[in-house]
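Residue numbers (our numbering): 21 to 156.
Written out as structure tokens, the structure is:
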């Protein structure tokens, strides 16, 4: 439930916060995998966040349908690379998930974070506290 979803406790869960850019976290069996910044990976000839962030949606005046299709293509690419059991979406754009979710077309389930825009901060604080308590 760290990033706002109680769906899967085992396996690989991929959290993406979609806003000005794309933030990400990979959690395997409840443990954060460090250095998993996926918004900067190359996708469709540019950084992923230049292809499918909320900033790009606004700058290119993309419809929700086109945004959903782009995000779905990126999620399917991540599925090929990592084979997660679940995608959790957070960030400002996840507040409007009902406008684009039908266009995602992914094999892997996609859920909205219960924490919406605060999910990344809450998750980061949780894992920092977990790391701190492990060093004591």
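Note that beta-carbon positions come from the ideal geometry of N, C-alpha and C, so glycine has one too.
Decide if residue 73 is buried, meaning its Cβ has at least 16 other Cβ atoms within 10 Å, or exposed. Reading the chain shown from its first residue, position 53 is the one you call residue 73. Flag for residue 73 reads buried.
Minimum C-alpha distance to residue 47 - residue among 33, 117, 100 and 59: Here residue 47 corresponds to residue number 27 of the chain shown, with the count starting at 1. Looking only at 33, 117, 100 and 59, the smallest Cα-Cα distance to residue 47 is reached by 33.
Let me check understanding here. Comparing Cα to Cα, which of 105, 90, 104 and 119 lies closest to residue 67? Working through the chain shown from its first residue, we reach residue 67 at position 47. Measuring from the Cα of residue 67, the nearest candidate turns out to be 90.
Are the segment 38-53 and the segment 119-129 in contact at 8 angstroms, needing three or more beta carbon pairs? Verdict: no, contact absent.
Quick check on this structure: which residue in 70, 42 and 65 has the alpha carbon closest to the alpha carbon of residue 58? Translated into the one-based positions of the chain shown, residue 58 becomes position 38. Nearest C-alpha to residue 58 among 70, 42 and 65: 42.
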